[in-house]
């Protein structure tokens, strides 16, 4: 399994449960590890054969930047489903870091791992 990753993708979004959080945008940081096979792209040297991390980043910036979730858990789950469904990724690890959410901590958030459901065996 090969991994394509994005680290510390910063996106401004409305996130949080408190009234003041619903009125402002806060910066979250996104780390992604996505399983893919890079062999074909390595041979062809063609972006069409690769997992386009720029396209993934743009999609996350658009989706998260326009979202207004209460919980980082919901944001993480929805972002993971988009990546799995739209980019053909078989597995991913996604970290959402809500920096400055807790006094004294650099950041808090969630790390989730998701994979494509296995297709049932054919009789």
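In the UniProt record's numbering, the protein residues as written are 1 to 123.
Note that CB positions come from ideal geometry on N, CA and C, so glycine has one too.
Beta-carbon gap between residue i and residue j smaller than 7 angstroms
i	j	result
residue 108	residue 101	yes
residue 64	residue 13	yes
residue 2	residue 38	yes
residue 4	residue 34	yes
residue 17	residue 96	no
residue 80	residue 59	no
residue 53	residue 92	no
For residue i, the three-state DSSP class (helix, strand or coil)
i	result
residue 94	strand
residue 116	coil
residue 18	coil
residue 44	helix
residue 60	helix
residue 65	helix
residue 49	helix
Backbone CA spacing between residue i and residue j [nearest angstrom]
i	j	result
residue 32	residue 57	10 angstroms
residue 103	residue 25	18 angstroms
residue 78	residue 51	19 angstroms
residue 82	residue 22	24 angstroms
residue 118	residue 85	14 angstroms
residue 87	residue 99	27 angstroms
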